[in-house]
Amino acid sequence: MTLDLERQLNDYVEILDSTLPVLEAGTVIEAGGISPVVESRGRDWSVLARRPWLAAAAALLVVLVLIGGTSLIFSGDGGVSPADDPVEEPVVTPTTQASVTTVTGDEAAVIPGVDGSVHVSARWLHTGFAIQEEIGGPIERVEQVWYFDAEMWRIETPVWRQGDSTELEGDVTIFANNQMFEYRAMSNTFEIVEQDPAEPDLHPAVDIEFVYDCDQTGCTRAFDGDRWDDCTITENVVVLGSATVEYDCTRPPEWNDNETETVTLNIDETGRTLKGVLTNTTETGDLSILEYEILELDLNPTFPASLFEFECPTEDCRDIAIPLDPVEHPLVGQPVPEVSGELLTGGPFDIADHRGERIILLLWASWCAPCTDELATLEAFSATAPDITIVTGAVFDQPTDVAAVIDDMSITLPVIDFYTRNLTQGNYLAEQWSGSGIPILAFIDETGTIVAVHPEARGIEELINTLQQLGW
Amino acid sequence: MMSSDASVAAGTLAESFTRFMDERESGLKHALVAGFGRELGLEAAAEAWAYGWEHWERIRLMDNPAGFLWGVGRNKARLAGRGQSRSFPMVPNDQEYLVEPALPKGLERLSERQRITVLLKHGYGWTYAEISELLDVSIPSLQKHAERGMTKLRRTLGAEQ
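Here it is as C-alpha cells:
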C-alpha cells in the first residue's frame, strides 16, 4: 500500500489544529504588552515582579497549569495600553562589553589532560544572596551545562529563587535583570563570556550560538542542539585571524536566510574564549564552507602553573575538595534516590523492596527520541539478562501518552508513572536526580548504590561494556 | 490619567491591531507550531502577539509586520526551547482520520525550516508565495526545503519511493 503523505499531513494538522486555542486581540490588549502565557519553568519572572497583580494571577495560573496539563492560559485581568502605561525598558547590555565577575566556589579542581589540554571541573554551592550581589538583581532562573564525555549538554534546572540554594557544576547560565549571563567554569572563577538581552529580536546577532571545543591545534568538535544533527564536519581549521568550517550535510544548511550569526570558540576548557562573526558562506551542493572573522585569538596560550594548582577557598576545604571526573555523573557512588510509584500495568513498585538485586533503571519520556532509542535497547537486552532487574520510569508524560508509546514499541519492561507523582510531590527528576536530563540509565548494585550512570543514550555496546566493567 | 487625544490614539491603535490580528493570528500560530511544536509554538505565538501590541505603533508601519512578528516568535521559541525536543503530539485516529503513528516523531526529526515548509505547504495548504512572505525566504529555497523534508519524512516512515 502506498502512503499518501500529503493526505497524512493534512489529516494530522487538521486534528492538531482542533487542539490549538485561539488567541484573541482583546486578550492581548488587556494584558498590556505582556505575554498572557505563564510557564511553569519560570521564565519572565522579572516581568511579574514589576507588576504585582500579575504575579498573583500567575501563581494561580501555575496551579491551573499543573492541574490542567496545559501551558497556555490567558489572563484577562488588568487593562492597560501602550499609551497610558509605558512599559519599563529592559536593561540591555551590549554584547561587546562582557565583563568578568567572580563567585567563590566551595570545591574546585583542575585536571591536566592529554596533549596539553586542560580539563577544569568545579563545583559551587551558591546561595541566592551571593549571586544576587554579583549580578545586582533578582534571579529568574538558572541553567547549567554539564560535561559528559567532553560533549556539552545543557540542562535546565528547576525554577531557582532567591533564598534557595543549588549546587552547580560546570558552565552556568543565569537569567536576571532581563539578561542572560553565561558563565564558563574557570577554576573557582566564573567568567562572563556572553550576555544576551532577553529581547533577542533587538539583537539578532546573538540569535544563534555555535560552540566549538578546541585545543591548540584547532577545533575538533561542534555542538548545536537543534540544527546540525544531520551534518558531518569534514574539515575544521582555525588559523590566526580567521576560521573556516566546512560542513557536509544531508540537508541544505540554513544560512541563506539573512540571519546573522556569531560564533563562540572555546580554545580550551579553561574558559579562554574568542568571538567571531560570520563573513562569508559558500554552498556547493550539500557542502557549506563558513568563514568567520575572528576578533581575538590565542592559538598557543601559555598555561600558568597556577592553573594546575588547587587552592582551597577555605581552611576546611581539604576535607571536601574532590577532583571531579568530568565524565562521571555526580550520583555515582551515592545511594540510589527514592524510586517508587505506581506501575502503568498496575501495582506499586519500590526499589527498596529489591535490595540485594542488581538493577538497571532507565528514566525516560515518550517525546525524547534518545530515550525511546535507549528503551528499545534495554527491551532487547532484557531477554539476555534474567539475573538483572530492569525497570523504567516515565518522568514527564501523561500515562496515556506513555501507554501509547510502549504499546507501539511492544515494550514489556515495567514502567513507573512519575507524572502523576510529580503533580503532588514536585519534580521527581529535579529533586531526586540532581536535575539531570533524560535519558538516565543508572546501574544499581546489591547494596542500593549507584555504580554507573549513562546520562545519554549510548546503545547496546556501551551497555555491555559497562556491565563488563562492573563485573555483572 | 489619559488625555482625550491619547485615548483616541490608543483606540485607533487597538482597532488596527485587532484587525491585523484577526487576519494573521491563525497563520502565525500555525507557522510557529509547525516550527517548534505545539507547546513551544503556542507560547511563542502568544509572546509574539504581546510584543506586537506593546510595539504596535512602530510595527504597524513596517512593510511586513507579520514577517517581523514571525521573527519575534521564532526567536522567543528558540530561546525558550534550547535543549528541548520539538514536541508533536500523537493524535487519536478514528474512522475519518488515519494518521500514521510515526508521523509526529518523523516531523520532530526534520530540520526547523524543513518542518515549517512541509507542514505549511502540504499540511495547511499554504502557497509557496504565502510562506515566502511570512518567512522572508525565497521560493526556490522553500521548494528545496519542502522536497528534502518530504523525502526525509518518507524515509523515516518507511514509505520511500
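Quick mapping for you: the protein sequence lines, in order, are chains A and B. In my numbering, each number is its position in the first sequence, counted from 1, plus 15. FYI, my numbering numbers position 160 of the second sequence as 155, with every residue one higher than the one before it. No residue lacks a Cβ here, since even glycine has one placed at the ideal position from N, Cα and C.
| Check | Outcome |
| --- | --- |
| By Cβ distance below 7 Å, which residues in the same chain neighbour Asp388(A) in space, the five residues on each side in sequence not counted? | Ala472 |
| To be precise: take each residue of the region 14 to 30 of chain B, compare its Cβ to all Cβ atoms of chain A, and keep it if any distance is under 9 Å. Which residues remain? | Arg14, Phe15, Met16, Asp17, Glu20, Ser21, Lys24, His25, Val28 and Ala29 |
| Quick one: what does DSSP say Ala237(A) is sitting in, helix, strand or coil? | With a pLDDT of only 36 at Ala237(A), under the threshold of 50, the placement of this residue in the model should not be trusted; the figure read from the coordinates follows. Strand. |
| Would you call Gly157(B) buried or exposed, if buried means 16 or more other Cβ atoms sit within 10 Å of its Cβ? | Limits of chain B in this structure are -4 at one end and 156 at the other, which puts residue 157(B) out of reach. |
| Are the CB atoms of Leu378(A) and Pro1(A) within a distance shorter than 8 Å? | What is shown of chain A runs 16 to 487, which leaves residue 1(A) out entirely. |
| Do we get a CB-CB distance below 8 Å when we pair Gly118(B) with the residues of chain C? | Among the chains of the structure shown, chain C does not appear; the protein chains present are A and B. |
| Just to confirm, are Gly101(B) and Leu37(B) a CB contact at a threshold of 8 Å? | no |
| Quick check: the region 36 to 53 of chain B against the region 126 to 133 of chain B, are there 3 or more CB pairs under 8 Å? | no |
| Residues of chain B with CB closer than 8 Å to the CB of Ile488(A), please, in chain order. | Summary: the structure shown does not reach residue 488(A), with chain A confined to residues 16 through 487, and so no result is reported for it. |
| Can you give the Cα-Cα distance for Gln447(A) and Thr112(B), rounded to whole angstroms? | 41 Å |
| Output yes or no for whether 8 Å exceeds the beta carbon distance between Leu31(A) and Arg33(B). | yes |
| Compute the Euclidean distance between the alpha carbons of Ile475(A) and Glu394(A), then round it to the nearest angstrom. | 10 Å |
| Please classify Asn70(B): is it buried, with 16 or more other beta-carbons within 10 angstroms of its beta-carbon, or exposed? | buried |
| Just grab the DSSP bridge partners of Pro84(B) for me. | DSSP output for Pro84(B) lists no bridge partner at all. |
| Apply the 10 Å Cβ neighbour rule to Pro363(A) and answer buried if 16 or more other Cβ atoms are within range, or exposed otherwise. | exposed |
| From Leu23(B) to Glu477(A), what does the alpha carbon distance come to, in whole angstroms? | 44 Å |
| Leaving aside the five residues before and after Thr360(A) along the sequence, list all residues of the same chain whose C-beta is less than 8 Å from its C-beta, in chain order. | Pro429 and Val430 |
| Can you give me the C-alpha to C-alpha distance between Tyr443(A) and Gly68(B), rounded to a whole angstrom? | 31 Å |
| Quick one: what does DSSP say Trp121(B) is sitting in, helix, strand or coil? | coil |
| If you run the structure through DSSP and keep just helix, strand and coil, what is Gly41(A)? | helix |
| Among Val28(A), Thr407(A), Gln23(A) and Leu390(A), which residue has its Cα nearest to the Cα of Pro374(A)? | Rather than Pro, the amino acid found at residue 374(A) in this sequence is Ile. Closest option to Ile374(A), Cα to Cα, is Thr407(A). |
| Alpha carbon to alpha carbon, how far is Asp412(A) from Ala61(B)? Give it in angstroms, no decimals. | 34 Å |
| Assign Thr392(A) to buried or exposed, taking buried as 16 or more other Cβ atoms, counted over all protein chains shown, within 10 Å of its Cβ. | buried |
| If you drop the 5 nearest sequence neighbours on each side, which residues of the same chain put their C-beta closer than 7 Å to that of Trp201(B)? | Summary: the structure shown does not reach residue 201(B), with chain B confined to residues -4 through 156, and so no result is reported for it. |
| Identify which residue in Phe63(B), Phe12(B) and Leu74(B) has its Cα closest to the Cα of Thr42(A). | Phe12(B) |
| My output table needs one value for Ala398(A): the three-state DSSP class, helix, strand or coil. | coil |
| Name, in chain order, the residues that DSSP records as bridge partners for Thr407(A). | Leu377(A) and Val430(A) |
| Please confirm whether Ile426(A) and Leu376(A) have their CB atoms less than 8 Å apart. | no |
| Could you work out which residue in Thr34(A), Leu38(A), Leu35(A) and Leu20(A) is closest to Glu95(B) when comparing CA atoms only? | Leu20(A) |
| So that I know if they touch, is there some Cβ in chain A lying closer than 8 Å to that of Leu148(B)? | yes |
| Starting from the C-beta of Ile54(B), find all residues in its chain whose C-beta is less than 8 Å away, skip the five residues before and the five after it, and write them out in chain order. | Gly47, Pro60, Phe63 and Leu64 |
| Which residues of the region 359 to 386 of chain A have a Cβ closer than 8 Å to any Cβ of chain B? Give them in chain order. | Trp382, Cys383 and Ala384 |
| Do Gly348(A) and Thr464(A) have their CB atoms nearer than 8 Å? | yes |
| Can you find a C-beta in chain B that's less than 8 Å from the C-beta of Leu76(A)? | At Leu76(A) the pLDDT is 32, less than 50, meaning the model places this residue with poor confidence; the figure from the coordinates comes in the next sentence. Answer no: the Cβ-Cβ gap between Leu76(A) and chain B never drops below 8 Å. |
| Give the residues of chain A in contact with Met85(B), contact being defined as C-beta atoms less than 9 Å apart. | Ser381, Asp416, Ala419, Val420 and Asp423 |
| Should Gly82(B) be flagged as near chain A, meaning a C-beta pair shorter than 8 Å? | Per the sequence shown, the amino acid found at residue 82(B) is Ser instead of Gly. So yes, Ser82(B) belongs to the interface. |
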